[in-house]
Amino acid sequence: MVLGEWSFVDSLKLQDGSWNDVLVRKSFSEEEAEAILSLPSSRMGIHDSFLWHYDKSGTYSVKSGYWFAKNMDSNPSCSGLNPSVSWWKFLWRLCLPIKIKIFIWKACNDWIPTNVNLDVHGVKVDKFCPFVVER
């Protein structure tokens with residue numbers, strides 16, 4: 001069995017709820033496998049699921065994501081410098097592909113290389129949208 005991008009933790013466990021040691025070691029680096037295997041495994045029989053706590057239905061939507069973002073700290077910064085550490089911890093714990101988490105992190109810190117940001121950093125670019133004909 002090979003784990004896919006959207007695999008659940010349940011796929012790494014045996015029927016009794018303990019870790020499938022062989023599969024964990026096969027699917028992850030030695031360091032990651034050791035970290036996973038050191039976690040206590042829940043034996044309560046509760047299956048994994050995707051859940052978005054900010055919507056009554058439990059499913060993510062652009063609308064609920066927008067609402068969540070609008071009601072967050074409007075100026076989060078580096079997780080080591082601000083009490084918004086919990087926001088960043090929340091972001092990194094979300095069940096999202098890492099490239100999405102990194103994109104959100106860059107966008108929140110204004111590190112997306114837009115024409116305006118490139119201009120601010122001294123790169124000679126036209127600050128205006130290239131698709132707009134009239135200025």
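Residues 1 to 135 (full-length UniProt numbering) make up the sequence shown, in order.
Glycine included, every Cβ here is placed at the ideal spot set by N, Cα and C.
Note that the coordinates shown come from a computational prediction; the quantities given were computed from them, not determined experimentally.
Cα-Cα separation, residue i to residue j
i, j, result
"S29", "I100", "22 Å"
"F68", "V9", "26 Å"
"D16", "F50", "22 Å"
"C108", "V62", "17 Å"
"F103", "I112", "8 Å"
"E32", "G122", "41 Å"
"V132", "Y66", "26 Å"
"P97", "V120", "30 Å"
Contacts around residue i, its chain only, beta-carbon distance under 7 Å, and the 5 residues preceding and following it disregarded
i, result
"L118", "V125"
"K13", "W19, N20, S41"
"H53", "none"
"P130", "none"
"C95", "F50"
Inter-residue CB distance, residue i and residue j (contact presumed, cutoff 8 Å)
i, j, result
"K106", "V116", "The Cβ separation is near 14 Å, so there is no contact."
As an exercise, report each continuous alpha helix (DSSP H) stretch of at least 4 residues that is fully enclosed by the stretch 52-124, in chain order.
62-70, 85-93, 98-108, 115-120
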